[in-house]
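Student: Using my numbering, you'd call the opening residue of the sequence shown number 732 and step up by one each time. Positions of the beta carbon are idealized from the N, C-alpha and C atoms, including for glycine. Take a look at the following structure, please.
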Amino acid sequence: KLCEGILNILEKDTETSCQVACLEALRILSRDKKILVPVTTKRNMQILMKLAKLDTVEDPLERVSEFPVVVEALKCLCNIIFNSSVAQKLSLELNLAAMLCSLLQECKDRPLVDDIKCFDLRLLFLLSLLHTDIRAQLRQELQGVRVLTQALESSLSVRWTEEYKVAEDRNRLPLSLQETDCAIEALKALFNVTLDSWNVHSKNESHQFRYMAAILRHCLLTKGPTEEKTEELH
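What follows is the structure in structure tokens.
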């Protein structure tokens, strides 16, 4: 009943501070699988997806003041999808992976969106881990390898000297915590999407994997903000 009450409030056009407080409460409650059973419905998922700005055509990512709401809604979706097999099935029906890829593209080269990117990538990782059909959809229909590789490239601030050669700077500063976390989530999602990619058939796929290999090499030469984070990144 508490979760339903929170979602009813979130469905209304309330103030940003109220939305963030409601989403924070829902995020904590959504860790309990028993609580999730009655609230994991198509309607409730759509409420959270709308708050997460996942329809980038109808409701683009514009106002910075709304970014905390977007982040909290993505965090809630992460918990719900991780803890609910019903939510995992609904994700395919609602085309969640495609919307996440669109939001990721919307974040490209924009300031103040690192947290949004990070939880978008975490949600793509969870979907590709928990639902084999979504993993296949990401690989085949949504050009997931390209989208995720570009997200990794952006997080590592890659600069190219040749087509498959990244510029190396020995005096480069370590990545920030946010950059490191984004890179880690992109790597985890990429692992899932490329898990069954033993046979590379097309010229485009061959290019994509050589491009990704150059970025992965650069990743191994990159340091995070702490030893622990560097180890996690590698």
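Out of P905, G875, T772 and R870, which has the shortest C-alpha to C-alpha gap to S886?
Tutor: Ranking P905, G875, T772 and R870 by Cα distance to S886 puts P905 first.
Student: With the cut-off set at 9 Å, would you say S882 and A828 are in Cβ contact?
Tutor: In the sequence on display, residue 882 carries Ala and not Ser. No, these two residues do not count as a Cβ contact at 9 Å.
Student: Quick check on V897: does DSSP put it in helix, strand or coil?
Tutor: V897: strand per DSSP, three-state reduction.
Student: From the DSSP output, in three-state form, read off D892 for me.
Tutor: Note on identity: in this sequence residue 892 is Thr, with Asp being the wrong assignment. DSSP places T892 in strand when its eight states are reduced to three.
Student: Consult DSSP for N923 and reduce its assignment to one of helix, strand or coil.
Tutor: N923 falls in the helix class under three-state DSSP.
Student: Determine, using beta-carbon pairs with one atom in the stretch 894–902 and one in the stretch 865–875, whether at least three such pairs fall under 8 Å.
Tutor: The answer is no - the stretch 865–875 does not touch the stretch 894–902, with fewer than three Cβ pairs under 8 Å.
Student: Around the Cβ of V770, are there at least 16 other Cβ atoms within 10 angstroms (buried) or fewer (exposed)?
Tutor: Classification of V770: buried, given that the 10 Å Cβ count is 16 or more.
Student: In angstroms, rounded to a whole number, what distance separates the CA positions of G736 and A818?
Tutor: Roughly 19 Å between the two C-alpha positions.
Student: Leaving out five residues on either side along the sequence, give the residues of the same chain with a beta carbon under 6 Å from the beta carbon of N814.
Tutor: Excluding positions up to five away in sequence, the list reads K764 and L767.
Student: Using alpha carbons as the reference points, say which of E797, F850, R903 and V876 lies closest to D927.
Tutor: Of E797, F850, R903 and V876, the residue nearest in Cα terms is V876.
Student: Do L821 and the ligand ZN come close, with the Cβ less than 8 Å from some heavy atom?
Tutor: Among the ligands in the structure shown, none appear at all, so the ligand ZN cannot be discussed.
Student: Residues in the same chain with beta-carbon distance under 6 Å from Q750, minus the five sequence neighbours each way, listed in chain order, please.
Tutor: Closer than 6 Å at Cβ, skipping near neighbours: V800.
Student: Quick one: what does DSSP say G736 is sitting in, helix, strand or coil?
Tutor: Here G736 sits in helix by DSSP.
Student: Between F856 and V802, how many whole angstroms is the CB-CB distance? I'm expecting something under 8 Å.
Tutor: In fact, because the Cβ distance is near 16 Å, the residues do not count as touching under 8 Å.
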